[in-house]
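Residue numbers (the numbering used here): 46 to 238.
A virtual CB, placed ideally from N, CA and C, is assigned to each residue, including glycine.
Before any comments, here is the structure.
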Amino acid sequence: MQSFPDNLPPLMQQAISASQAKDSDTALSLFQQASQAEPGSPLPHFLMGAELAQLERMTEAEAAYARAVILAPDFSIARFELGVLQFVTARPAIALVTWQALLELPDTDPLKLFVLGYAKLMQDAFDDAQHYFEQGIAANTTNPALNGNIQLLIAEIHRTRGTQAPATEKMPAQEEPGDNHFLLSNYNQSRLH
Numbered sequence: 046m047q048s049f050p051d052n053l054p055p056l057m058q059q060a061i062s063a064s065q066a067k068d069s070d071t072a073l074s075l076f077q078q079a080s081q082a083e084p085g086s087p088l089p090h091f092l093m094g095a096e097l098a099q100l101e102r103m104t105e106a107e108a109a110y111a112r113a114v115i116l117a118p119d120f121s122i123a124r125f126e127l128g129v130l131q132f133v134t135a136r137p138a139i140a141l142v143t144w145q146a147l148l149e150l151p152d153t154d155p156l157k158l159f160v161l162g163y164a165k166l167m168q169d170a171f172d173d174a175q176h177y178f179e180q181g182i183a184a185n186t187t188n189p190a191l192n193g194n195i196q197l198l199i200a201e202i203h204r205t206r207g208t209q210a211p212a213t214e215k216m217p218a219q220e221e222p223g224d225n226h227f228l229l230s231n232y233n234q235s236r237l238h
């Protein structure tokens, strides 16, 4: 679970509590109110995007993530999540454009490593993708939920290739017919923070 600063405004605290209690309607309403109360803050938009993505309202989630990035272009996790959403909705080229600024991060930054992994997935270079994903997981010491989602991707690579995934990984659900990419259905169901 993502941790947040204790000094968040009350509306944000209430919205996060509602989200954690799985009361999405209340959470979305409070995130909207928080965005109006603090129009220059990217955090309400970012968290609204995460909530909407969890509800599989991808168009609205993308708009919320995009607003967060517009308000704070250096808000790396918002930029990463926006790109992931674009990737899982079968727009990998747009995701790469969104992620371009993340490629300027240090070589040891987990978000840069994860983006490099996605870029390799687009080329079906599964070994290279897995390598970058594993490096990113090792480098990411602050966001365990993100690591869990990336581990799902690694497990899906193994499942797709017919190889055995390491025993520590949970296998994701089977893909749904009609997906445009072998990872899209499983990653669409993942919530990233």
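What is the C-beta distance between L127 and T143, in whole angstroms, given that I count them as a contact (C-beta under 8 Å)?
5 Å
Could I get the ranges of all uninterrupted beta strand (DSSP E) runs contained in the region 74-113, with 3 residues as the minimum, in chain order?
none
Close Cβ partners of L61 (< 8 Å) along its chain, the five nearest in sequence each way excluded:
Here residue 61 is Ile; the residue named in the question, Leu, does not match the sequence. If we look at I61 and ignore the five residues flanking it on each side, its Cβ neighbours are F49, L53, A72 and L92.
Would you kindly check if the distance between the Cβ of A98 and the Cβ of A106 is under 8 Å?
yes
In or out: K67 buried (at least 16 other Cβ within 10 Å) or exposed?
exposed
If we require 4 or more residues per run, which alpha helix (DSSP H) segments fall completely within the region 114-199?
121-133, 137-144, 155-167 and 171-184
DSSP three-state call for L53: helix, strand or coil?
coil
Given Q180 as reference, the closest of E101, I202, P155 and F171 once Cα atoms are compared:
P155
Please confirm whether Q131 and I122 have their CB atoms less than 8 Å apart.
no
Any heavy atom of the ligand MG inside 7 Å of the beta-carbon of D154?
What this structure holds is no ligand at all, so the ligand MG is not there to describe.
My output table needs one value for A22: the three-state DSSP class, helix, strand or coil.
What is shown of the chain runs 46 to 238, which leaves residue 22 out entirely.
Shortest alpha-carbon distance to T153 belongs to which of I182, V114, L100 and E96?
I182
Taking C-alpha atoms, which residue in P137, N194 and I115 lies nearest to L166?
P137
Relative to the alpha-carbon of A239, which residue among V160, A135 and V133 has its alpha-carbon at the smallest distance?
Any question about residue 239 goes unanswered here, given that the chain covers just 46 to 238.
Report all residues from its chain with a CB closer than 7 Å to the CB of N185; omit the five preceding and five following residues, and keep chain order.
P155, L191 and N192
Give me the Cβ distance between I199 and Q168, rounded to the nearest whole Å; I'm assuming they're in contact under 8 Å.
With 8 Å as the limit, I199 and Q168 do not qualify as a contact, their Cβ atoms being about 17 Å apart.
Would you check if the distance between the CB atom of F76 and the CB atom of E96 is smaller than 8 Å?
yes
Given Q59, which residues of its chain have a CB within under 6 Å of its CB, disregarding the five upstream and five downstream residues?
L75
What does the alpha-carbon distance come out to for the pair D172 and F125?
22 Å
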